[in-house]
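Report on the following structure.
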Amino acid sequence: MNEINSIRRERDQMSRKSTRGLRVLLAAGLSLAVAVGAGCGGGNNNNSTSGGGGSAQGKKLTLIAGVKGDEFYITMNCGAQAEAKKEGVSLNFQGPDQFDASLQTPIVNAVAAKKPDAILIAPTDTKAMYAPIKQAESNGSKIVLVDTTLDNASVAVSQIASDNLGGGKTAADTLAKLIGGKGKVFVNNVKPGISTTDLRAKGFQEGAKAAGLQYIGQQYNQDDPAKAASITKAIIAKNPDLKGIFATNLFGAEGTASALKEAGLLGKVKIVGFDAGPKQVRDLKEGLVQALIAQRPAQIGQLGVQQAVAALTDKPVKSKIATGFVSITKDNLSQNQNALYKASC
Amino acid sequence: MSETSTAPQQEPAILEEEPRERVPWWQRFVTGSSTWIGLILVGLIVVFSALEYTSFVSSSNARNIATDAAVLLVLAVGMTYVIITAGIDLSVGAVLVFSGVVAAKLMNSVGGNNWGTILIGLVASLAAGLAWGTLNGFLVAKAKIPALIVTLGTLGMALGAALLITGGVDEREVPTKLIDTIGTGRVFNQVPYLVIIAFSVAIVFGIVLAMTRFGRNTYAIGSNEEAARRAGIAVDRHLIKVYALSGVLAGLAGFMNVARFATTTIGGHNTDNLQAIAAVVIGGTSLFGGIGTVLGSVFGVFIPAVLQNGFVIIGVQPFWQQVAVGAVLIGAVYLDQLRRRSVQNR
Amino acid sequence: MAEPLLEARGIVKNFGRVHALRGANFTVNSGEVVALVGDNGAGKSTLVKTLAGVLAPDAGEILFEGRPVAIHTPLEARALGIETVYQDLALAADLDPAANLFMGREVLRGGVLGKLGFLDKREMHRRADEAFKTLGIGLQDSSAPVANMSGGQRQGVAVSRAVTWASKVVFMDEPTAALGVVQTRHVLDLIRRVREQGLSVVLISHNMPEVFEVADRIEVLRLGERVAQFKTSDTTMEAVVGAMTGAIAQEAA
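Residue numbers (this note's numbering), protein chains in the order written: chain C, 1 to 345; chain P, 346 to 691; chain D, 692 to 944.
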C-alpha cells in the first residue's frame, strides 16, 4: 500500500515539475512580450512625417542629448522636432541619465547600429566621445554637433553652439552691473572637458577682470544640483563678503539658488545663471536669481536639423554657426517669454 | 526492521535505498541556476533580432555591446565572490575611479608613451585596488563590522581620496599608446582588447570558483560560516582574500576605463556598485550566500546591456527604457526563484 | 583499569555573568559509548564545544591518553582524532554531501593542478559514496545540495563526516532530537557500529530510553558540574534522573 502511495507521489511530483518548467518558459515569454510592447508603444518622438518636398523626405535623424532630463535639451528637441516636421524627416530623441561619457557611449553605439541618415549630438566629453562618434560616422551617418563640441571636430559636417565665450563675458558684465562694479565673484562650474561650460567660465573670468571685479576662482559641481548647493554654502562660509556668483549651466544655477535661499541670502549675493529653465525663471521672479543668460536651444535644434538635411541633399553646409543669447531679468521677463526653456514640447 | 504504521513521518527509511548514480553533468547543467538566465538572455537577443534585424544583428553592434559591458563584467566577477560569502561590496565604483586616477597620474609623471609606462600604470591600478580591497576584508573579517557599512565607508574614502589627488579635475592626459592598443584596439581587427581582458577574467575566476579549494571555501563560508570555521577553514583569512580580489578587479576595471575613455571620469561610476550587484543577482547568486556562479553573472551583465542597446535601436522613448529594464530585472529574478523553489519542494 | 582516553578536569567556562561550567569533570574510555546527560542549561553543549576546540575554557585541564593537551582550535581537536556531530549539524546547506564530508579536508588533484588548488571532485564523491554505503545511509542524489534532503539524511551526512575522520572519539550532541522513530533507530545502530570499529562515542541526549539502549556508562552534568557517574547495567533510569535534578548527589566536585 505504501509503495503504491510513494509511486503515486513521485509521479505527481514529476508532472508538477514538468508543467512547472513549461509554466516558467511561458512566464518568461510573456514578460518579454510585455516589456517590449511597452517599449514599442511608447514614444511620441518616433515618427513625424508630413508633406514637404525635396529628396530629404523620409530620412531618419536621431538627436542624442547630453543628459535626458535637462530642459535645455528638451527645448532643443522641441525646436528640432518642429523643423523635422517641416522638412519631412523623422527625428528620434535619446540621451543618457547623467552627463557622463561612459553613459553616453553605449547609446551612441546603439544608435550607430541603426545607421540613421544623420545624428545630432551634444558630446559629453570633448575627447572621450570622439571614438564612438567617429564609428557612427564611418557607418555612413552624417554628424552634426549641437551645443557641445569635440576637440577634433573633423568628424562632423557642422557645429552649432551658442557663442559661449561671449556669453561668459556677457554674464560678467551683467553681474558687474548688479553688484555695483566691484567686489568678490565666484564661478560654480560643471566639470572640465565640456566645451560649452569651459568657454563660459573662461569668458566670465576675462570679463570679470576687464570689469574690475575680484575673481576668487571656480569649482566643479559635476552637473549635480546638490553638489552645486554644497559648494555654494562652503564658499559663502569662507567668504562672507562674497558679492556675486556665476553658475555656468542649468543644474548649477538651480543648486546655487537653493543654497542661497537656505542661507537666507536672498538678493544679498547676486547670482547670474546660465540657461532659463522653469525653476530658474521662478527663482528669477522670486528674486533669488538676478539675471539669466538664456541660450537659444530651440534655434540650435532647428539649425541642426537644417544643416543635417542640407548635408543629406548635397546642398552647401555651414560648418560653424554661433547662436546668440538673451539676457533676462525680472524687468524684461514679460517680453522674453519665448526665450524661456520648456519642460515638454 | 518494521515500519510502524503510526509513524508521523512518511519518508522512506534511510536504510532502504541504495545510493543512486550521480546525476550526470549535462543534466545538472540544464537544471542549473544560471541556465534559465542564459535562456532569458538568448530570448532577448532573439526578440530584438526579430524586431530590428538589420540594425541589431551585426558584428559591430555585438562588438559595441560587449565593449560597453566589459568594465562592468570585471566588477561583477569580483562581486560574485563577495556576495557568495553573504557579503557585499559597495565600494567598487569608487575604487575603480581611484585606481584610474592613480594610474593616470603616475603614468603622466613618469612620462613616455611606451609599454613600460603603461605597465607602471597597470601595476599602480591593481595595487591601489588591492589596498582598498584588503582594507575592506580586514574590517569585515577582523573588526567584524558589517560589510554594508565598511564598503560604504571605503566608497566615500576612495572617492574623496581621488578628488583630493586630482583637485576635482579629471586627469585627461593618458599615453596615446594605451588608448590605441588596449583602449580601442582590436585583435585580428575584430575583438576589442577590452572584451578579451574581461572574458579572460571571467573564465579564469569562473574556473577558480567552480573547481578549486579556494572557490569551494567561498561557498562554504557563505552557506554556513560557523560550520566552515568548525571544519577548520581559516575563515577570516579567506574573507580578506575575497574582498581583496574584488578590490584588485575594481583596480583592473579602473585601468580599462582610463584606457577606453582617455579620462578618469571622476564624476561618473556612481551606480557601478548597484549595477554590479544587480548583474550578480540576476545571474542567480543569492544575496544570502552559498549559491552563485560566474557564468550567471556574465549573463546578468549582458541582459541589461542588451536591453538598453535593443531599446535604443527599436526607438523606445528614453524614459521607458529604465522602466522596462527594471521590470525585466525583477521578472528574471522572480523566474529564477520559482525554478529554485520547485527543485526544493519536498 | 587502563587510563582514560580523554579526561577533562575542573573545566570552567563563563559567558559574561553566566557560569556555564563551574569546574566540570568528564571521562571517556577507549572503545566505549558514554552518555553525557543533564537537564537544560546543565552545560553539556558547552562542555562538548570546549573539548572540540570551538570554545576555549577559562580554567581547567584536559588530558588525552594521560598527557595534558591544549585544544584551542577545531584543528587541534581533529589532530588528536576527535570529531564532533554538533546539535545544529554544522553542515553547509548549499553544498552537496561529498563537499560537506570533505569540508576543510578537500582532496586535491595530482601534479600541478593540485598545487594550484584544483579539487578532485570525482575522488571525493567516490569516497563519500563509499562512506555513506558503509554506514548504510541512502541518498537519492548525492550531488544535490544538502538543503534538499530530509532531516534524517542530513543527520546521516553529519554523522558520516565525523565517523569517517575520527580516529579516537566521536562526540554526538543530541543526534536524534529531530528525528522520527525509524531514523532514531538507525542512528542508534550507527553508534553501535562506530563502537565496533574501535572508536569511543560520547552521546549527549535527553532521551533516557535511548541512553539506556546504547550507552555503556552515563555521566550526569548538573549546573556546570559532574554530579554522578553510572554504569548503565548497574543502574536505573530513576537514579539517573534523580542525579540530573539534584535529588541524588554522588560526586562532591
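Cβ atoms here follow ideal geometry from the backbone N, Cα and C, with glycine treated the same way.
- Cβ neighbours of T521 (chain P) within its own chain (closer than 7 Å, five residues either side excluded): N458.
- Segment contact: the segment 797-808 of chain D against the segment 854-863 of chain D, fewer than three CB-CB distances shorter than 8 Å; contact not assigned.
- Contiguous alpha helix (DSSP H) elements confined to the segment 434-473 of chain P occur at 437-455, taking only those with 4 or more residues.
- Within the same chain, Cβ atoms closer than 7 Å to the Cβ of N898 (chain D) are found at T867, the five residues on either side in sequence being excluded.
- Setting aside the 5 residues that flank it on each side, G596 (chain P) is surrounded in the same chain by S444, S470, L471, A473, G474, each with a C-beta closer than 6 Å to its C-beta; the list follows chain order.
- Distance check between Q205 (chain C) and each of C:Y220, C:L165, C:R282 places C:L165 closest, using alpha-carbon atoms only.
- Within 10 angstroms of the beta-carbon of R845 (chain D) lie 16 or more other beta-carbons, which makes it buried.
- The straight-line gap separating the alpha-carbon atoms of I658 (chain P) and S400 (chain P) is approximately 7 Å.
- Using a CB distance cut-off of 9 Å, E797 (chain D) counts as an interface residue toward chain P.
- Our two residues, S924 (chain D) and V902 (chain D), have alpha carbons roughly 11 Å apart in a direct line.
- Here G732 (chain D) is not near A715 (chain D), since their CB atoms are 9 Å or more apart.
- R558 (chain P) sits buried, since 16 or more C-beta atoms from the chains shown fall within 10 Å of its C-beta.
- For the segment 177-202 of chain C, the beta-carbon criterion of a distance under 8 Å to any beta-carbon of chain P is satisfied by K191, P192, G193.
- Linking F483 (chain P) to H583 (chain P) through their CA atoms gives a straight-line distance of about 10 Å.
- Y538 (chain P): member of the alpha helix (DSSP H) spanning 538-556, first to last residue.
- Between G734 (chain D) and the set D:L746, D:A761, D:L696, the nearest pair of CA atoms involves D:L746.
- Between K59 (chain C) and D117 (chain C) the beta-carbon gap is near 4 Å, inside 8 Å, which marks them as a contact.
- Against chain P, a Cβ distance below 7 Å from Q222 (chain C) picks out G612.
- Closer than 9 Å to the CB of K268 (chain C) there is not a single CB belonging to chain P.
- When rounded, the separation of the alpha-carbon atoms in K315 (chain C) and A82 (chain C) is 21 Å.
- Y679 (chain P) is classed as exposed because its beta carbon has fewer than 16 other beta carbons within 10 Å across all chains shown.
- Inter-segment contact for the segment 421-432 of chain P and the segment 543-557 of chain P is present: three or more beta-carbon pairs are separated by less than 8 Å.
- When CB distances to chain D are screened at a threshold of 8 Å, the residues of the segment 570-597 of chain P falling below it are E571, A572, A573, R574, R575, A576, G577, I578, in chain order.
- The straight-line gap separating the alpha-carbon atoms of Y215 (chain C) and D70 (chain C) is approximately 29 Å.
- Contact between D617 (chain P) and L497 (chain P) is ruled out by a C-beta separation of about 14 Å, above the 8 Å threshold.
- For a Cβ distance threshold of 7 Å, residue set D785 of chain D lies close to I636 (chain P), ordered along the chain.
- Taking the C-beta atoms as reference points, G193 (chain C) is found nearer than 9 Å to K127 (chain C).
- For a cut-off of 8 Å, the C-beta gap from L63 (chain C) to L91 (chain C) is around 6 Å, short enough to register as a contact.
- Using a Cβ-Cβ cut-off of 7 Å, R517 (chain P) is close to K127, G193 of chain C, given in chain order.
- Taking all protein chains shown into account, E774 (chain D) has 16 or more neighbouring C-beta atoms within 10 Å of its C-beta and is therefore buried.
- K735 (chain D) has a beta carbon lying at 9 Å or more from every beta carbon in chain P.
- When secondary structure is reduced to three states using DSSP, Q667 (chain P) falls in the helix class.
- Looking at D:Y777, D:D749, D:A790, the one whose alpha-carbon comes closest to that of M556 (chain P) is D:A790.
- For Q81 (chain C), the three-state secondary structure derived from DSSP is helix.
- Setting aside the 5 residues that flank it on each side, Q222 (chain C) is surrounded in the same chain by K191, each with a C-beta closer than 6 Å to its C-beta; the list follows chain order.
- In the DSSP assignment, P116 (chain C) forms no beta bridge with any residue.
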